[in-house]
Structure formats: C-alpha cells, structure tokens
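Engineer: I have a structure I would like to understand better, so I am pasting it below and will then ask my questions one at a time.
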Amino acid sequence: MPNLSFIPSRLSLGRYQVGQELGRGAMGVVYLGMDPEIRRIIAIKTMALAREFEDAQLVEVRDRFFREAEAAGRLQHPHIVTIHDAGEVQNLAYIAMEYLPGHDLSRYCHPDRLMAIADVIPIIIMAASALDYAHRNHVVHRDIKPANLMFDPDRHVIKLTDFGIARIADSGITRTGKVIGTPSYMSPEQLYGRQVDGRSDLFSLGTMLYEMATGKLPFTGSSLADLMANIANNPHPNVIEANPALAGLAPGLIRIIDKALQKKVEDRYQTGAEMVQDLRECVVATTRQHQL
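Be aware that the sequence shown starts at 162, since it is given in this note's numbering, and climbs by one per residue.
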C-alpha cells in the first residue's frame with residue numbers, strides 16, 4: 162500500500178469510500194479512494210456527465226463512457242494504469258483505478274526544469290511501448306500529453322492514464338464549452354475531426370518528446386485557428402535551435418522527432434514498436450558518445 166493517509170469523507174461511490182481530492186481535470190475530479198472489501202487504496206476519477214453534456218447527448222455519451230472504460234479496463238501493461246471498475250451514481254460517473262504515487266510529467270516541460278535527455282528518452286520508450294500494446298488491442302488514447310503520464314521518480318517509471326476520455330464527446334466540446342482533448346498535442350487529422358488511429362497518438366507523443374527536450378511546444382498560435390493552421394501546414398522549429406544545449410548530446414533525436422511530427426500519417430511512425438526501436442538505438446548512441 163502506498164505510504165499516504167486515506168482521509169474518508171461522507172461520500173461513497175458504489176462500494177468505494179471516497180477520500181481527499183487528488184486533482185482536477187477538464188471533465189472531473191480525481192479522489193483518493195478505498196475499496197473496503199480488500200482494503201486497497203485506489204484513485205477514483207469522477208465525471209458529472211449530466212452537467213457537462215446536453216440532454217440529447219447524454220444517452221450516447223453515457224454509453225460511450227462505459228464502452229471506453231471497458232476497453233481501457235482490458236489493457237494489462239506495466240506502463241498503463243490498471244482500471245478496476247466503472248459505474249454511475251446519481252448522474253456522477255466514476256472510474257476506479259490503480260493509485261499511482263508520484264506526479265505527472267508536466268512539471269518537467271518548463272525550460273528551467275527539464276530532465277536530462279538521457280532520462281527523457283527511456284520515458285518516451287515506455288510510453289511508445291504502452292501505446293504499441295494498446296493499438297494492437299484496438300484502443301487509441303486520443304489525448305497523449307505530459308499531464309496524462311504519471312511518473313514515479315523513485316522507480317523512474319511512467320504509466321499512461323485517461324485512455325479514451327477524449328472520445329466520450331465526439332464533438333470535442335461539452336455544454337459548458339470545454340474542449341475535450343488538448344489541441345496543442347493533437348495531430349492534424351484529429352484537429353480537423355477526421356478519423357484517427359494509433360499514428361495520431363504517436364504524433365502527440367512526438368510533440369511531448371519535443372516539449373520535454375526543449376521546454377517549448379513545437380506548434381503554437383495566437384488563436385485556436387492559428388494553432389490548427391501551424392500544426393497542419395508549418396514545420397516545427399529545429400530541436401537544436403529550440404534548445405542549443407542538446408547539440409551533440411542525442412544522436413538521432415532530431416530524426417525521431419521529425420518523423421513523429423510528419424503531417425501525413427503515412428510518413429510517420431506506423432507503430433509504437435518502430436518508434437521504440439529508433440529510440441533504443443538513440444539511447445545506445447548517446448551512451449557511446451558519453452563514453453568517448
């Protein structure tokens with residue numbers, strides 16, 4: 162059991178006791194929870210579907226929520242959070258999942274808090290491996306970003322969270338005007354509402370790799386329309402220009418990022434396994450260079 166104190170509240174969801182709040186996202190709140198039957202600490206993600214979606218959408222959204230939770234719940238991988246259960250109580254949908262110690266990766270995306278590139282690459286390998294497994298099991302994440310990768314600094318491992326959440330609202334926007342998904346990390350095809358597959362996730366992972374390597378997003382814009390145009394049409398700034406400290410430290414990294422961020426899906430990595438292979442070769446080359 163993680164080394165933390167569970168502080169029960171008066172709220173329960175299904176059989177689960179709800180404790181203190183752990184964090185808030187675009188569509189809900191995450192709480193610490195307890196499964197009293199086996200005394201297991203869990204995390205409980207809640208989503209107030211009736212508040213977020215119009216009545217006409219609600220039946221479809223609710224069905225999609227449980228389909229996506231079921232699909233994510235079938236995934237068993239060392240770098241994907243384990244889903245234990247899903248349910249709904251008085252229009253409050255919830256997912257009971259593995260509690261993960263640590264924090265997400267967003268704190269390591271600021272220029273003054275970057276990880277060493279030798280530490281970043283193994284993290285991206287873990288994520289690409291997890292995505293390869295998910296895609297082979299016909300599950301696309303749709304919202305890969307640093308905030309959806311939990312990092313345990315003691316063990317230096319990550320786990321992907323929030324599989325399928327971005328698909329719950331097909332339109333991408335709730336009744337309160339919240340955008341589901343994160344445009345800065347989206348592939349061109351996802352931004353423009355076209356059909357997506359695993360290669361879209363790999364574009365998002367490439368965006369995240371660029372950001373963790375440089376402290377900057379590869380694509381920005383003064384408005385959503387400007388951002389969309391840049392992602393769809395304009396090349397990203399060179400990695401070394403964005404972070405000169407990387408010069409000579411990560412052979413192959415530029416090529417990996419360039420391939421991951423190709424506009425056309427057929428020009429990108431076709432599978433997570435392909436990306437893992439290139440990243441591992443990059444690790445070997447970087448290690449050799451440090452030994453010289």
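Backbone N, C-alpha and C define an ideal beta-carbon position, used for all residues, glycine too. Please read all numbers here as calculations on a predicted model, not as lab measurements.
Report the rounded CA-to-CA distance for Gly-359 versus Ala-421, giving the unit in angstroms.
Structural biologist: Locating residue 359 in the sequence shown gives position 198, counting from the first residue. Locating residue 421 in the sequence shown gives position 260, counting from the first residue. If you take the alpha carbons of Gly-359 and Ala-421, they lie about 12 Å apart.
Engineer: Tell me Glu-249's beta-bridge partners as DSSP assigns them.
Structural biologist: By one-based count along the sequence shown, residue 249 stands at place 88. Looking at the DSSP assignment, Glu-249 forms a beta bridge with Ala-254.
Engineer: Between which two residues does the alpha helix (DSSP H) containing Thr-207 stretch?
Structural biologist: To locate residue 207, count along the sequence shown from 1; it is residue 46. Unbroken run through Thr-207 is the beta strand (DSSP E), 201-209; no alpha helix (DSSP H).
Engineer: Pull up the distance between the alpha-carbon of Arg-336 and that of Asn-252, whole angstroms please.
Structural biologist: Taking the sequence shown and counting its residues from 1, the one referred to as residue 336 is at position 175. Taking the sequence shown and counting its residues from 1, the one referred to as residue 252 is at position 91. Confidence in Arg-336 is poor, its pLDDT being 45 and thus under 50, which makes the residue's placement unreliable; the coordinate value appears in the next sentence. In a straight line, the C-alpha of Arg-336 is about 15 Å away from that of Asn-252.
Engineer: If you draw a straight line from the C-alpha of Thr-432 to the C-alpha of Asp-246, how long is it?
Structural biologist: Numbered from 1 along the sequence shown, position 271 holds the residue referred to as residue 432. Numbered from 1 along the sequence shown, position 85 holds the residue referred to as residue 246. About 29 Å.
Engineer: What first and last residue would you give for the beta strand (DSSP E) that runs through Met-311?
Structural biologist: If you number the sequence shown from 1, residue 311 lands on position 150. Counting along the chain, the beta strand (DSSP E) containing Met-311 begins and ends at 310-313.
Engineer: Short check: CB of Gly-186 to CB of Thr-207, under 8 Å?
Structural biologist: Locating residue 186 in the sequence shown gives position 25, where the first residue counts as 1. Locating residue 207 in the sequence shown gives position 46, where the first residue counts as 1. Result no, Cβ atoms of Gly-186 and Thr-207 do not sit closer than 8 Å.
Engineer: Hey, is the stretch 286-304 in contact with the stretch 352-370, meaning 3+ C-beta pairs nearer than 8 Å?
Structural biologist: Yes, the stretch 286-304 is in contact with the stretch 352-370.
Engineer: Does the count of Cβ pairs from the stretch 274-293 and the stretch 223-235 closer than 8 Å reach three?
Structural biologist: No, the stretch 274-293 is not in contact with the stretch 223-235.
Engineer: When every heavy atom of the ligand HEM is checked, does at least one fall within less than 7 Å of the C-beta of Asp-358?
Structural biologist: The ligand HEM is absent from the structure shown, which contains no ligand whatsoever.
Engineer: Less than 8 Å separating the beta-carbons of Glu-372 and Cys-270?
Structural biologist: Sequence index remark: in the sequence shown, residue 372 carries index 211 (1-based). Sequence index remark: in the sequence shown, residue 270 carries index 109 (1-based). Contact: yes.
Engineer: Leaving out five residues on either side along the sequence, give the residues of the same chain with a beta carbon under 8 Å from the beta carbon of Gly-338.
Structural biologist: As a position in the sequence shown, residue 338 is number 177, starting the count at 1. Caution applies to Gly-338, whose pLDDT of 47 falls short of 50 and renders its modelled position unreliable; the value that the coordinates give is listed next. Once the five neighbours on either side are set aside, Gly-338 has no close Cβ partner at all.
Engineer: Between the Cα of Glu-182 and the Cα atoms of Ile-278, Tyr-192, Ile-241, Thr-243, which residue gives the shortest distance?
Structural biologist: The residue given as residue 182 occupies position 21 in the sequence shown. Ranking Ile-278, Tyr-192, Ile-241, Thr-243 by Cα distance to Glu-182 puts Tyr-192 first.
Engineer: By how many angstroms is the C-alpha of Gly-248 removed from the C-alpha of Asp-280?
Structural biologist: Along the sequence shown, read from residue 1 onward, the residue named residue 280 stands at position 119. Along the sequence shown, read from residue 1 onward, the residue named residue 248 stands at position 87. Taking the straight line joining both Cα atoms gives about 38 Å.
Engineer: Of the residues Leu-275, His-299, Leu-310, which one's Cα is nearest the Cα of Ile-286?
Structural biologist: Position 125 of the sequence shown holds residue 286. Checking every option, the nearest Cα to that of Ile-286 belongs to Leu-310.
Engineer: So, helix, strand or coil for Glu-215, using DSSP?
Structural biologist: To locate residue 215, count along the sequence shown from 1; it is residue 54. Note: Glu-215 maps to coil in three-state DSSP.
Engineer: Classify Pro-405: buried if its beta carbon has 16 or more other beta carbons within 10 angstroms, exposed otherwise.
Structural biologist: Counted from its first residue, the sequence shown places residue 405 at position 244. Exposed, by the Cβ-count rule.
Engineer: Could you spell out the range, first to last residue, of the alpha helix (DSSP H) harbouring Arg-416?
Structural biologist: To locate residue 416, count along the sequence shown from 1; it is residue 255. Taken as a continuous stretch (DSSP letters only), the alpha helix (DSSP H) holding Arg-416 covers 414-421.
Engineer: Sorted by chain position, which residues of the same chain lie with C-beta nearer than 7 Å to Val-250's C-beta, five sequence neighbours on each side aside?
Structural biologist: Taking the first residue of the sequence shown as 1, we reach residue 250 at position 89. These residues qualify, in order along the chain: Leu-174, Gly-175.
Engineer: Look at Ala-204 and Glu-259 and say whether their C-beta atoms are less than 8 Å apart.
Structural biologist: Numbered from 1 along the sequence shown, position 43 holds the residue referred to as residue 204. Numbered from 1 along the sequence shown, position 98 holds the residue referred to as residue 259. Yes, Cβ-Cβ distance for Ala-204 and Glu-259 is below 8 Å.
Engineer: Among Gly-184, Ser-267, Met-389, whose alpha-carbon lies nearest the alpha-carbon of Ser-348?
Structural biologist: Against the sequence shown, residue 348 aligns to sequence position 187. It is Met-389.
Engineer: Gln-462 to Ile-256, Cα distance in whole Å?
Structural biologist: Summary: the structure shown does not reach residue 462, with the chain confined to residues 162 through 453, and so no result is reported for it.
Engineer: Helix, strand or coil: how does DSSP classify Ile-241 here?
Structural biologist: Position 80 of the sequence shown holds residue 241. Three-state DSSP puts Ile-241 in a strand.
Engineer: Would you list the residues sitting across from Lys-320 in a DSSP beta bridge?
Structural biologist: Translated into positions along the sequence shown, residue 320 becomes position 159. DSSP, once it has assigned bridges, lists Met-311 as partnering Lys-320.
Engineer: Note down the Cα distance separating Ala-411 from Leu-321, rounded to an integer number of angstroms.
Structural biologist: Translated into the one-based positions of the sequence shown, residue 411 becomes position 250. Translated into the one-based positions of the sequence shown, residue 321 becomes position 160. Cα to Cα, the separation comes out at about 25 Å.
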